[in-house]
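Heads up: the structure comes next, in structure tokens.
Number of protein chains: 2
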Amino acid sequence: MKEHKSISIADQIFEQLERDILAGKYQRGEALSELGLAKQLGVSRTPIREAIRRLEQENILQETGRGLLVVGISWEDMMDMYEIRMQIEGLAARRAAERITDAELAAMRDTLDLQRYYVEKGGESNSAQIKNLDSQFHEQLYQNSGSKAYCDTLLSLHKKITKFRMASVSKKSRALQSLAEHETIYQALAAHDGEAAARAATEHVRQARERIRTIETKEN
Amino acid sequence: MKEHKSISIADQIFEQLERDILAGKYQRGEALSELGLAKQLGVSRTPIREAIRRLEQENILQETGRGLLVVGISWEDMMDMYEIRMQIEGLAARRAAERITDAELAAMRDTLDLQRYYVEKGGESNSAQIKNLDSQFHEQLYQNSGSKAYCDTLLSLHKKITKFRMASVSKKSRALQSLAEHETIYQALAAHDGEAAARAATEHVRQARERIRTIETKEN
DNA sequence: TGGTGTATAAGTGTATACAGAAATACACCC
DNA sequence: GGGTGTATTTCTGTATACACTTATACACCA
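Protein chains in written order, with the working numbering: chain A, 1 to 220; chain B, 221 to 440.
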């Protein structure tokens, strides 16, 4: 379904650098140079520069006048993003519940069913697939809020969170719990119950944060 | 106090295009071309492209594969941004109240006093100055939340709002009311009262939205 | 008259060349 | 030996050239 308009080198580099930075592959404060990246990636500086400008706009890279500084996001930043999402995603869900169409509901239902299929099937090989479907459900929710502002804000936060340190090890029990929460959100949307949708979405983000927090705490 | 690192042409073009797009100088859906902009602005395509990439990242410009599409923001988008800010700015204010230092309080006090000076002095010539100080107060608040996530999110929303259609005609009565609300926020911060700060900040954004809404409604 | 095919124009994507600034290294002088 | 001045290297910023894609216009043919 996705538009494949040839995907320029600049886009690929943007994606790769973003992923690497958010995944923590580069140290916070580490210095990079355009020429260095160009040589390393085997392309000219032009696409590198365009990728860099976008990363700067996202505030995960910073120009210093002489070289680039990796800003990235910290653990605290991510917790804060969850906190912000808890509020905004709830409001977006309320709106979605009030305006969602049957076709949009059916599409979310499909996403949910497919996700359930992969989760119950289990296996590490499907974890990428599951993560994509999880993201897709949220993106559909954002889209169905009908608000560009909500959609843009939430997409930006969600993208950073999902790429953070290759986050969220997929354990089946957690995946099932997350799925159940999605189901609750869906039911509220289907019932066009704004209040319930808002509560469910907020609670889902809160739980997701807790799941991540628990993992990290154990690691450290 | 601001860092003046020579301000590249690319940066200037970014600022200008962003301002023009958000101010409504370009029609929503209007097509632009790199070469056209380059000729019009008398520079090469290189800085144009870098500006465009940043604007794309902000979702106010969109690549179509053949030319650019002006997306901009609509009136509804801006109302939604206020709604989001109502929530997030409240939380940011709560945090700021809990951690703000005396030095930071003094800096906000200075901003406030200077704004009051210009507001009471009156006159259209100072409206730009007043707007800047107003923005500065909010930016200080964001900064003092101590959270990169809150700061980034709020700065992005605030920037778009302030540039929207050259928003907010400055009437002295409204400016005074806004100032009084800033004062309330400041008092809560100074008292390190998180709850009060959150309430005051949220209410201030709500009122700001109402002030804008009233103006627009009269215009249409 | 309508459709098709080609030529042309316009636009983006990428590489490269060049200018200028800034840090660094090194030699020279005291 | 230390400090200073200069040369060199290493960056970024900008312009330009070229490849490639696609829309468009126009002529030709059925």
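All residues carry an ideal CB built from backbone N, CA and C; glycine is no exception.
Inter-residue Cα distance where the pair is residue i and residue j
i              : j              : result
V70 (chain A)  : R314 (chain B) : 29 Å
Y302 (chain B) : N279 (chain B) : 17 Å
I130 (chain A) : K159 (chain A) : 15 Å
A418 (chain B) : C151 (chain A) : 24 Å
I205 (chain B) : P267 (chain B) : Past the boundaries of the shown model lies residue 205 (chain B); chain B is included only from 221 to 440, so the question cannot be answered.
G342 (chain B) : A208 (chain A) : 51 Å
E250 (chain B) : D11 (chain A)  : 24 Å
G357 (chain B) : E235 (chain B) : At residue 357 (chain B) the sequence reads Phe, which differs from the Gly that was named. Straight-line Cα distance between these residues: approximately 21 Å.
G292 (chain B) : E120 (chain A) : 43 Å
A410 (chain B) : A323 (chain B) : 11 Å
E318 (chain B) : R265 (chain B) : 48 Å
Y134 (chain A) : G90 (chain A)  : In the sequence as presented, Tyr is not what sits at residue 134 (chain A); that position holds Asp. So the two alpha carbons sit approximately 17 Å from each other.
W295 (chain B) : L275 (chain B) : 19 Å
G127 (chain A) : I84 (chain A)  : Sequence check: residue 127 (chain A) is Ser here, not Gly. Distance between the alpha carbons of S127 (chain A) and I84 (chain A) is about 26 Å.
A106 (chain A) : L112 (chain A) : 10 Å
M221 (chain B) : N352 (chain B) : Residue confidence is low: M221 (chain B) scores 40 on pLDDT, short of 50, so the model does not pin down where it sits. Its coordinate-derived value is still stated next. Rounded to the nearest angstrom, the two C-alpha atoms are 14 Å apart.
M441 (chain B) : E403 (chain B) : Only positions 221 to 440 of chain B appear in this structure, which leaves residue 441 (chain B) out of reach.
I381 (chain B) : E359 (chain B) : 13 Å
H212 (chain A) : G287 (chain B) : In the sequence under discussion, the amino acid at residue 212 (chain A) is Ile, which differs from the His named in the question. About 42 Å.
Q62 (chain A)  : S253 (chain B) : 28 Å
E423 (chain B) : S365 (chain B) : 18 Å
E210 (chain A) : L261 (chain B) : 51 Å
A312 (chain B) : H192 (chain A) : 31 Å
S367 (chain B) : I405 (chain B) : 18 Å
Cβ-based burial, residue i [other Cβ within 10 Å; buried from 16]
i              : result
E223 (chain B) : Bear in mind that the predicted position of E223 (chain B) carries a pLDDT of just 43, short of 50, making it unreliable; the figure below should be weighed with that in mind. Exposed: under 16 other Cβ atoms inside 10 Å.
Q115 (chain A) : buried
Y118 (chain A) : buried
Q27 (chain A)  : exposed
S345 (chain B) : exposed
T434 (chain B) : exposed
Q441 (chain B) : The structure shown does not extend to residue 441 (chain B), since chain B is modelled only from 221 through 440, so no value can be given for it.
Q143 (chain A) : buried
T101 (chain A) : exposed
K383 (chain B) : buried
L109 (chain A) : According to the sequence displayed, residue 109 (chain A) carries Arg and not Leu. By the neighbour-count rule (16 or more Cβ atoms within 10 Å), R109 (chain A) is not buried but exposed.
T284 (chain B) : exposed
R49 (chain A)  : buried
K259 (chain B) : exposed
G414 (chain B) : buried
A421 (chain B) : buried
K391 (chain B) : exposed
A180 (chain A) : exposed
Beta-carbon proximity check, residue i vs residue j, cutoff 7 Å
i              : j              : result
I7 (chain A)   : V43 (chain A)  : no
I308 (chain B) : L374 (chain B) : yes
M86 (chain A)  : R174 (chain A) : no
L361 (chain B) : A316 (chain B) : yes
A51 (chain A)  : L22 (chain A)  : no
R53 (chain A)  : R239 (chain B) : no
A369 (chain B) : D77 (chain A)  : yes
Q57 (chain A)  : Q397 (chain B) : no
G244 (chain B) : R385 (chain B) : yes
Chain B residues whose Cβ lies nearer than 9 Å to that of residue i
i              : result
K148 (chain A) : N279, V291, I293, S294, E296, D297 and D300
Chain-ordered chain B contacts of residue i [CB-CB under 7 Å]
i             : result
R54 (chain A) : R273, R274 and Q277
E50 (chain A) : R269, E270 and R273
Neighbouring residues, chain A, relative to residue i (Cβ below 8 Å)
i              : result
L311 (chain B) : E83, I84 and Q87
R426 (chain B) : Simply none; closest approach about 14 Å.
D372 (chain B) : N59
The ligand HEM heavy atom lying under 6 Å from the CB of residue i
i             : result
P47 (chain A) : Of the ligands one can find in the structure shown there are none, so the ligand HEM has no counterpart to examine.
Residue ranges of each alpha helix (DSSP H) within the segment 228–273 of chain B, 4 or longer: 229–242 and 254–261
Length-filtered (3 minimum) beta strand (DSSP E) runs lying within the segment 283–347 of chain B: 288–290
Start-end ranges of the alpha helix (DSSP H) lying completely within the segment 161–194 of chain A, minimum 4 residues: 172–190
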